[in-house]
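Taking UniProt numbering, the leading residue of the sequence shown gets 1, the next gets one more, and so forth. Even glycine gets a Cβ: it sits at the ideal position worked out from N, Cα and C. Owing to the predicted nature of the structure, the values given are computational and were not obtained by experimental measurement.
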Amino acid sequence: MSLIIESLNHQIIDGNKTRNLLSNIDLSVSQGECVALMGDSGSGKTTLLNLIAGLEPIQQGSIKVADLQLGQATEKALSELRKKQIGIIFQQYNLLSSLSVRDNIEFSARLAGRYDPLICNKLVNQLDIFSLLDHYPATLSGGEMQRVAIARALCAQPHLLLADEPTGNLDEHNGACVVTLLVELAKRQNTALLLVTHSVNVAQKMDKIYHLAKGKLSLVKGAF
């Protein structure tokens with residue numbers, strides 16, 4: 001099992017009150033399993049991804065990624081986890097402006113010690129960004145940056161891939177192609193994929209679909 005969440009609770013300050021954003025969340029994602037997470041804006045989907053990635057502290061409950069209990073881990077251990085085990089596709093892309101597209105794509109893979117030029121070249125062609133390799137992020141459109149960010153995450157061959165609206169800036173055709181590629185590679189590389197999306201069409205391509213509302217997580221597609 002690549003990801004195990006048990007009895008996770010998370011509160012936020014909402015105006016003058018404290019609000020339960022996540023209430024007793026239980027979730028597990030196995031290696032090679034593709035899971036969609038849906039819910040309205042502000043329901044806590046991105047916060048949940050940040051907690052899984054060790055980017056926000058766990059208030060109550062347990063998250064285990066690749067046998068590491070995040071709540072008990074040091075910052076150094078969390079950094080190593082993100083470097084070697086977790087791939088993240090952010091909504092804001094988080095590309096390094098001083099690096100070319102080629103160097104951005106290779107960056108995470110080299111950090112993880114998993115750089116494979118054959119895998120990277122194949123991803124570049126599959127995502128149709130070969131012509132952009134010598135460009136810099138500032139010259140790219142939103143859709144192009146999205147595809148570069150996806151290539152960077154997949155090139156590192158992570159054991160757990162967290163994707164926050166990975167098709168949000170792509171047209172319907174490119175979005176469908178990218179999701180198909182994500183699923184294919186997750187299965188081939190035995191990567192656990194947790195994908196946040198507002199698109200029912202995207203979610204339907206996953207093995208399971210969960211819906212987050214009023215702090216509660218419910219399974220709407222998959223084995224109960």
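| task | Would you kindly work out how many angstroms separate the C-alpha atoms of A156 and N16, rounded to a whole number? | result | 43 Å
| Cβ-based burial, N94 [other Cβ within 10 Å; buried from 16] | exposed
| request: Could you name each continuous beta strand (DSSP E) segment of 3 residues or more that falls completely within the region 122-192, going from the start of the chain to the end? | output: As far as the region 122-192 is concerned, its whole beta strand (DSSP E) runs of at least 3 residues are 160-164.
| Taking C-beta to C-beta, are A53 and K84 nearer than 7 Å? | At a Cβ-Cβ threshold of 7 Å, A53 and K84 do not count as neighbours.
| query | Once you ignore the five residues that flank S108 on each side, which residues in its own chain have a CB closer than 6 Å to its CB? | reply | R152, A156
| field | Opposing strand residues paired with G87 [DSSP bridges] | value | L161
| task | Have a look at I12, E6, L27, N20 and flag the residue whose alpha-carbon is nearest the alpha-carbon of Y210. | result | Minimum Cα distance to Y210 is reached at L27.
| said: At the level of alpha carbons, what is the spacing between L99 and L127? | reply: 19 Å
| query | What residues in its chain sit with their C-beta under 7 Å from that of Y115, if we drop five residues either side in the sequence? | reply | E106, A109
| Can the beta-carbon of N20 be found closer than 7 Å to that of S7? | no
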